[in-house]
Amino acid sequence: MKHLNKAIALAITGSLLAGYAPSAYAATKTVDFANFPVNFAHLNWQAVTSHSATTGFSYALGTGNGQRTNQHGVSWPDSAYYDTVLGSGGYTAVNGWPMKSLVLYATEKNGNWLANGWNYTQDMAEGASAVDDSARAAIALADDYLLNGNLASYQSARDLLAFTAYMTTLSGKVYNFAWLDAPALFGWDPVQQGVDKHFMYRSEFVKRTQYPSALPNGDWMDAASDSSHILTNASNQPVAAPPFISHPKYSIYMDDLRDPTGADIAPVYDGPLYTTASGGVTGYKTGIKKTWTTSTHEIGLDDARNLWAMVKGLHMLQKLIYTNGSLTADQLYFAKFLENHIQRMMNNVLAYNLSGFDSKMASNLLIAFTDYYRLLYGTTDYGTYTPVLPANSNTTATYDDRPSQSTLYAQIDVLLNSITAKQLHTTDWRNGIFVDDATAGNWYAWGELQIYALSNVYAMKRSIGQTPAQLNGLLDIITYSADNFYGLEAYHYIDGVNNFSRTKERITQINGWSAQFHTNSAQFAYQNSSLVVGLKALAEAYYLSGRADAAAKRTQYLEYAKRVATWFIGNNNALADMYDGALGTGTYKGQGAVFDGITVNGGVPTVNRGAGGESSAEGLWAMIHIKKGHLAVRPLFKLLVRLLNRGSAK
């Protein structure tokens, strides 16, 4: 099956391009993907340089600006480690690579994005950049290189992966949030102080009803806050607590690292923990332990997406090998660098019970594990990758060893079975949904990657020689979900009585089995991108299936993917372009920004003209996939697929 998947990609390209004529979507608007070229200008602006010879994050260990510190049980790779793993000159190579990180938020400047663009914005309880968003962008850019051969996207993905790797500890744990140079990026906003500070804590455990005042020298509580939660002294006077804690430029938020059992191994910030409103100064406690906060590090989607993005990086290198015959010396260092980080992260993940993750986390991990397994032990569009590092990463440690093929395959099946077991079969509107707790009945549309993840597993298992007959059950599960809950209820992409006319509607969330969707639901990119790529991957699975209806089903799911993708170019409840790729009047028009979402004010859908990292990465990922390539299908590849399927059916 070597290089067979390129045939699939080319065949799907033909089907997509054939459907690029303007289409009128009932009760919405006429849309035309041809008017929306993929443009990375906005994403490139938002990916800021975060490492150079003179400033930014440093690979040297220490306590200065940009340096990583071995403390609280956490260790980081140092120059000796890089030289050991990568070989002589390895550290020099790594230290010379460009690094970029995606700023979390971009807010409309002076109320007019067309003329003025956007301002960089940080969340002062989280930081300026996150691995999560940078990894999303790296995945989108890597796919652009893999699908379209865009070398600029290859380099941009590399630059982002340098940042996400920097945030990975020696034992393979991933910190999500980081601070950049606040005066340089955020000095425009007096609320953000223009200095490197952040809110002291953001935690439900603190029982704070509002953020502290952002004004210079402001009280720790806003006047409008619930007075019962203000800590007082013996004289019943509010106890002073500064709202901000200083943070060095280019530093990592090392906050509350936990091991697989949930035990704290890195309590970093000591300070007052406001558990109640009484107790005065005696209520101060040290060794902050938070039960929940967006800045607490437990294994999560940032770990999974970082692993997925690193694996995509290896796929890019395999394409370079396929295209050029070999890697350059620098690319060889990068290959070893990626292999080492992937192995450290995988070993960290494998310390957990993978069957215990929710379906979103399981889907992200399944994609990463499947893509890695297929690259090393199956075949991809550009062949099979041969690791350049020995299995032990040239070290005596075990945390950076390559997991065995049998271990990887077994854990892929654990994740696969965990997800498929959560599919609901009913006679009502919920039929086919993947839900973690069928009794509670809570579900959110963002990041529903099950169709994509399961379709990838199908393609991987076909690539290693399993027959369609062996995989029929898996394909039926994926199809059942796509044709029922998602197609008929959540996204309305399937033709039917009064159904296809409602494609602009979305089920955005379900609380206690009370579905919330109507034309005026809040909507955003992350509710759509996963379905676009998922349905396209399902079309690929059918191309490999050998079923009698394979051609018809492939065409059908490509059309469904296109229908969902029209959300980005006007088929939404605001009837507005959410992906700004079309040319027009205005300095910043057509630069590829993806707006942050649609909110409903007074019953009227309103576009939020912010264009943050998550929105841009997810939106571009969907647009890249729906508009990929301009290659014709070679008849020989079609014949190979036909022969393979015929042989499998015997």
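Under the working numbering, think of the first position of the sequence shown as -15, with each following residue one higher. The beta-carbon is built from N, C-alpha and C at its ideal position, and this holds for glycine as well.
What residue from the options has the CA that sits closest to residue i's CA?
i, options, result
"G587", "W60, R289, L70, N557", "N557"
"V115", "P21, R289, S219, G57", "R289"
"E323", "G80, G297, V333, Q493", "G297"
"D365", "D314, M300, R386", "M300"
"L88", "T33, G597, R328", "G597"
"S644", "N495, G362, S235, T148", "Lying outside -15 to 634, the shown extent of the chain, residue 644 is not represented and no answer is given."
"M562", "G574, V578, N160, A335", "V578"
"Q407", "T152, G425, A394", "G425"
"A405", "T153, S343, F501, S34", "S343"
"G568", "R414, A99, K445, V58", "A99"
"I403", "G362, D385, G340", "G340"
"K573", "A136, N96, G581, D127", "N96"
"A521", "N512, L542, N504", "L542"
"T487", "N495, Y470, Q30", "Y470"
"Y510", "K537, P452, W605", "W605"
"E473", "G457, D412, Q450, P452", "D412"
"T153", "Q139, D62, D385, G518", "D62"
Should residue i go down as buried or exposed, given a rule of 16 or more other Cβ atoms within 10 Å for buried?
i, result
"S219", "exposed"
"M184", "Residue confidence for M184 is low, a pLDDT of 47 falling below 50, so the modelled location carries little weight; the figure read from the coordinates is stated next. It counts as buried."
"N172", "The displayed chain sequence assigns Trp, not Asn, to residue 172. Exposed is the call here."
"I448", "exposed"
"D564", "buried"
"E282", "exposed"
"Q55", "exposed"
"M205", "At M205, the pLDDT of 41 sits below 50, so the modelled position is not reliable; the number obtained from the coordinates is stated separately. With 16 or more Cβ atoms within 10 Å of its Cβ, M205 is classed as buried."
"H409", "exposed"
"F501", "buried"
"Q389", "exposed"
"Y74", "As written in the sequence, residue 74 is Gly, which differs from the Tyr given in the question. G74 should be labelled buried."
"S347", "buried"
"N468", "buried"
"Q454", "exposed"
"G530", "buried"
"N308", "exposed"
Since residue i and residue j should fall inside the 8 Å C-beta cutoff, what is the C-beta to C-beta distance between them, to a whole number of angstroms?
i, j, result
"N23", "G576", "3 Å"
"E92", "G594", "6 Å"
"G156", "R328", "4 Å"
"S85", "S113", "4 Å"
"I236", "M345", "In fact, because the Cβ distance is near 22 Å, the residues do not count as touching under 8 Å."
"G362", "T370", "Rounded, the Cβ-Cβ distance is 13 Å, inconsistent with contact."
What first and last residue would you give for the beta strand (DSSP E) that runs through residue i?
i, result
"M294", "Looking at the DSSP string, M294 is not in any beta strand (DSSP E); the run it does join, the alpha helix (DSSP H), is 285 to 308."
"W497", "Looking at the DSSP string, W497 is not in any beta strand (DSSP E), and its letter there is neither H nor E."
"S85", "83 to 86"
"A146", "Here A146 belongs to no beta strand (DSSP E); instead the alpha helix (DSSP H) covers 135 to 150."
"E92", "89 to 92"
"W102", "102 to 105"
"H35", "31 to 35"
"F161", "161 to 163"
Do residue i and residue j have their C-beta atoms within less than 8 Å of each other?
i, j, result
"V295", "D355", "yes"
"V419", "W430", "no"
"A506", "V584", "yes"
"N331", "Y383", "yes"
"Y477", "V548", "yes"
"A566", "F20", "yes"
"V78", "L164", "no"
"Y527", "A534", "yes"
"S514", "E432", "yes"
"M83", "G111", "no"
"I417", "L438", "no"
"L125", "A141", "yes"
"A146", "H35", "yes"
"L373", "K320", "yes"
"A466", "E524", "no"
"I396", "W292", "no"
"I553", "V58", "no"
"L400", "L350", "yes"
On the DSSP letters alone, give me the boundaries of the alpha helix (DSSP H) that residue i sits inside.
i, result
"Q51", "Taken as a continuous stretch (DSSP letters only), Q51 belongs to no alpha helix (DSSP H), as it is neither H nor E."
"N635", "With the chain covering only -15 through 634, there is no way to say anything about residue 635."
"T590", "First-last for T590: 588 to 592, but that is the beta strand (DSSP E), not the alpha helix (DSSP H)."
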